[in-house]
Amino acid sequence: MLDSIRYRYHSVRRRIRRIERREVRDLRRWLEDTENLLHLSALVIVPLLIGVVTWLSNVSPVVSFLVYPPLASGTYTLFADPEGRYSTSRKFVGGMTAGAVCGWIALEVSARFWYPATPEQFQVQAGAAVLGIFLTGIMTWGLSLEEPTAFSTALLVLLTGAEQVTYVVGIAVSSLLVAGVFLVWRRNFYRERARYLFRSTQNDDQILVPVRGDAAESVVLFAARLASAHDAGKVVLMKTVSSETIEETAAAIEDADREVISEDREESSEPVTEVAEERLTEEQLHDLEQLQDRITSVVDVPCEFVVAVEDGSAGETVLATADAENCDLIVSPYEIEEGEPSPFVRTILNGTTDAVVFRSSNGRTEWERIMVMVRASGELANAMLDFAHRVVPTDGRISACTCVSRQRDRRMAEITLENLIESFPDPIETRIATSSIEEFLQRNASLYDLTVIGASTDRGAVSRFVSTPTFERIQAVDCDLAIVHRG
Numbered sequence: 004m005l006d007s008i009r010y011r012y013h014s015v016r017r018r019i020r021r022i023e024r025r026e027v028r029d030l031r032r033w034l035e036d037t038e039n040l041l042h043l044s045a046l047v048i049v050p051l052l053i054g055v056v057t058w059l060s061n062v063s064p065v066v067s068f069l070v071y072p073p074l075a076s077g078t079y080t081l082f083a084d085p086e087g088r089y090s091t092s093r094k095f096v097g098g099m100t101a102g103a104v105c106g107w108i109a110l111e112v113s114a115r116f117w118y119p120a121t122p123e124q125f126q127v128q129a130g131a132a133v134l135g136i137f138l139t140g141i142m143t144w145g146l147s148l149e150e151p152t153a154f155s156t157a158l159l160v161l162l163t164g165a166e167q168v169t170y171v172v173g174i175a176v177s178s179l180l181v182a183g184v185f186l187v188w189r190r191n192f193y194r195e196r197a198r199y200l201f202r203s204t205q206n207d208d209q210i211l212v213p214v215r216g217d218a219a220e221s222v223v224l225f226a227a228r229l230a231s232a233h234d235a236g237k238v239v240l241m242k243t244v245s246s247e248t249i250e251e252t253a254a255a256i257e258d259a260d261r262e263v264i265s266e267d268r269e270e271s272s273e274p275v276t277e278v279a280e281e282r283l284t285e286e287q288l289h290d291l292e293q294l295q296d297r298i299t300s301v302v303d304v305p306c307e308f309v310v311a312v313e314d315g316s317a318g319e320t321v322l323a324t325a326d327a328e329n330c331d332l333i334v335s336p337y338e339i340e341e342g343e344p345s346p347f348v349r350t351i352l353n354g355t356t357d358a359v360v361f362r363s364s365n366g367r368t369e370w371e372r373i374m375v376m377v378r379a380s381g382e383l384a385n386a387m388l389d390f391a392h393r394v395v396p397t398d399g400r401i402s403a404c405t406c407v408s409r410q411r412d413r414r415m416a417e418i419t420l421e422n423l424i425e426s427f428p429d430p431i432e433t434r435i436a437t438s439s440i441e442e443f444l445q446r447n448a449s450l451y452d453l454t455v456i457g458a459s460t461d462r463g464a465v466s467r468f469v470s471t472p473t474f475e476r477i478q479a480v481d482c483d484l485a486i487v488h489r490g
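As structure tokens, then:
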């Protein structure tokens, strides 16, 4: 009975751990979208910072509760758009403080020349409000401290009565606190989010390459350049041998050596099958060693070999081998049957392992100009840009491109591309076209060596049925094509 209880306990515990890992993976994938990350940061950090300022106002007379409105709006602007026009510590602190100072000056001037006495708290004079906003506009413009919340602090100081100095000091202290937290967050986390959140920058080190077809060298070199970008990168070259081939080789061995094969061996075909498997394995390993010599002469990356028995689907054999060899990325050649992607390609692109299906146009082995076609922000777009960075040489060029159907969608596309390229250290140019992807590639593909597109496997089945994946609609392009799938 105790054994049964212990077994159930461990079973439930393993199940809970699987659920936790899945939830963490889903959360991490959700956070790879920069918009989601910014919303979550604003929802968490802004209330905490305002809570800290509230605590300071309760324990110190320096911070007035009137700093809350401009501080809350300004803090949200910082964390919701950390690379925006108003998201600098200098503008945030300087603009808010300058606005408070201008409002204070306007209050003193109006009391001296326009009104007989300074108004009481929560009483505002129209002339002082006009002068305060005018002075704030002049000062922030002249000092390059334009900040929307500066005009809020300029007006709120008019409500402080005789505590203008306390209010100005409180604005300066609280804005410095917020700006300090923002700088640390932006420098150490937001700009390093690729290192913390993007799965492709931490995984995809052990790459399985099924060697098939005439463009094997281009495919393997592409995989080798991906692997060489990581210190732990490694390429596993794979060849398959079908069961039919093994049987045919075994039969040939029996026919050729029938006279010298012992009676024991004639009674059992297993030894002959083993000999056939060994002979075929040696032949395949010889071919893989020759391919390795050509690859390592160009890219310094370790290689391993795998020869697997293909019993049924070639794609399923590759996926099973990737799982058995602990490979986290498959780089496979592109194959066509009757004008459509072959069952092998479809199986790879529907597997649970990350995959890149590579379609070579002219046997190119270097890619200096790479175009990445982006549909939306998120994990897939980050992975495609990361793969492009790992392949392109130091003097190469990467372009992140997207297509919109209407001109009014252009601004949102600009924001999407901007959020994507911010997380990568090297410069990436952006292009937006008002056309279909097919038309855009037809006009521009010849200007690039490689185009990277998504496999659309992140879309639902209904969406893929209604709109065929882009790579299936592209019949011919004047450059190599890499189709990326996230498992």
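Numbering (the numbering used here), first residue to last: 4 to 490.
Using N, Cα and C, we set each Cβ at its ideal position, and we do this for glycine too.
Only buried fits Y170, as 16 or more other CB atoms lie within 10 angstroms of its CB. Annotated three-state conformation of S438 is coil, per DSSP.
For T473, the three-state secondary structure derived from DSSP is helix.
For E432, the secondary structure class from DSSP, reduced to helix, strand or coil, is strand. A Cβ-Cβ contact shorter than 7 Å links T78 with L52.
When only Cα atoms are considered, F390 and L229 end up about 7 Å apart.
Residue pairing by DSSP leaves T419 without any beta bridge partner. With contact defined as three or more Cβ pairs closer than 8 Å, the stretch 131-138 and the stretch 85-100 are not in contact. At a Cβ-Cβ threshold of 7 Å, G106 and A153 do not count as neighbours. Taking C-beta atoms as the reference points, K237 and Q209 count as a pair closer than 7 Å. Within the DSSP bridge table, the entry for M374 names S402 and T454 as partners. Taking a C-beta distance under 7 Å as the contact criterion, S438 and C482 do not qualify as a contact pair.
Contact between the stretch 325-334 and the stretch 349-360 is present: three or more C-beta pairs spanning the two stretches fall below 8 Å.
In the DSSP assignment, T243 falls within the unbroken beta strand (DSSP E) covering K237 to S245. The continuous beta strand (DSSP E) containing Q209 extends over residues Q209 to P213. Note that the stretch 172-185 does not touch the stretch 31-45; fewer than 3 beta-carbon pairs, one per stretch, sit closer than 8 Å. Taking a contact as a CB-CB distance under 8 Å, the pair I456 and L484 counts as one, their CB atoms being some 7 Å apart. Residue pairing for E340: DSSP places it in a beta bridge opposite E343. A227 and E220 have their C-alpha atoms some 10 Å from each other.
If you check the CB distance, V309 and T299 do not come in under 7 Å. Per DSSP, the unbroken alpha helix (DSSP H) holding H392 starts and ends at E382 to V394. Around the CB of P346, fewer than 16 other CB atoms lie within 10 Å, so the residue is classed as exposed. Within the stretch 151-204, the complete alpha helix (DSSP H) segments of 4 residues or longer fall at 151-159, 167-191 and 196-200, listed in chain order. Across the set R362, R28, G381 and R393, the C-alpha of R362 shows the shortest separation from the C-alpha of G216. According to the DSSP assignment, C482 belongs to no alpha helix (DSSP H), since it is labelled neither H nor E. For E313, the enclosing beta strand (DSSP E) covers residues C306 to E313.
In this structure, the alpha-carbon of I435 lies about 37 Å from that of I141. By the neighbour-count criterion, in which a residue is buried when 16 or more other Cβ atoms sit within 10 angstroms of its Cβ, G315 is exposed.
Contact between the stretch 440-453 and the stretch 416-430 is absent: fewer than 3 CB-CB pairs across the two stretches fall below 8 Å.
Secondary-structure assignment with DSSP links S363 through no beta bridge to anything.
A358 is bridged by DSSP to I333 and H488. Taking C-alpha positions only, M374 is separated from R196 by approximately 23 Å. Judged by DSSP secondary structure, P50 falls within the alpha helix (DSSP H) whose first and last residues are T37 to V62.
The DSSP-derived three-state label of R88 is coil.
A residue is called buried when at least 16 other Cβ atoms come within 10 angstroms of its Cβ; Y199 does not meet this threshold and is exposed.
Residue range Y71 to A83 is occupied by the alpha helix (DSSP H) that includes A83.
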